[in-house]
Each structure stands twice: as structure tokens, then as C-alpha cells.
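No gaps in the numbering here: position 19 of the sequence shown is 794 in the numbering used here, and each next residue is one more.
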Amino acid sequence: MNKRQDYISWDEYFMGIALLSAKRSKDPSTQVGACIVNKQHKIVSVGYNGMPIGCSDDVFPWDREG
776 MNKRQDYISW
786 DEYFMGIALL
796 SAKRSKDPST
806 QVGACIVNKQ
816 HKIVSVGYNG
826 MPIGCSDDVF
836 PWDREG
């Protein structure tokens, strides 16, 4: 049996992780995800936009202009 030929590239894989992590954002207008990778194709960090740590997203406004 031969290996599959239709697997996704590293770029597609890491972009998929970034797109999925963006879905964690509670920002009503802009959802951004990030996947930081080193040269060995290892994930260094994953994140998404939101309120700073320690700031309640239920108290502070989500408006673009305060």
C-alpha cells in the first residue's frame, strides 16, 4: 500500500489552525487567529484576539469607538 498523495501542505495545515482559533474570539466585528510556527514545522504558539487578560469581556464595551 502506498502513502496518500492528497494530504494538505504545512501552510494549509497551520492556516487551518489559525482559522479555527479565530472562532474563539468574542469580538463581534473582527475575529483573528494566529499560529506561530518554527522552521521545524512545530507550533510555538496559537492565539486569537480578545480583551486583555484580567479585563472582563462582560464589563468593557466591544464598540470600535469608545
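We put the beta carbon where it would ideally sit given N, CA and C, even for glycine. Quantities reported herein were computed from a predicted structural model and do not represent experimental measurements.
Taking 7 Å as the limit between beta carbons, can you name the residues of its chain near residue i, skipping five residues before and five after?
| i | result |
| --- | --- |
| G825 | S800, K801, D802 and D832 |
| W837 | D802 and P803 |
Taking the continuous alpha helix (DSSP H) assigned at residue i, which residues delimit it?
| i | result |
| --- | --- |
| G791 | W785 to A797 |
For residue i versus residue j, is the C-beta distance shorter than 8 Å?
| i | j | result |
| --- | --- | --- |
| I783 | V821 | no |
| Q806 | K814 | no |
Apart from the five residues on each side of it in sequence, which residues of its chain come closer than 8 Å, Cβ to Cβ, to residue i?
| i | result |
| --- | --- |
| I818 | F789, I792, C810, I811 and V812 |
| L795 | G808 |
Since residue i is in the beta strand (DSSP E), which residue starts that stretch and which ends it?
| i | result |
| --- | --- |
| G822 | I818 to Y823 |
| G829 | Neither: G829 is in no beta strand (DSSP E) and is coded neither H nor E. |
| V807 | Premise fails: V807 is in no beta strand (DSSP E) and is neither H nor E. |
Quick check: does the Cβ of residue i come within less than 7 Å of any heavy atom belonging to the ligand ADP?
| i | result |
| --- | --- |
| K778 | As presented, the structure is devoid of all ligands, the ligand ADP included, so that no description of it is given. |
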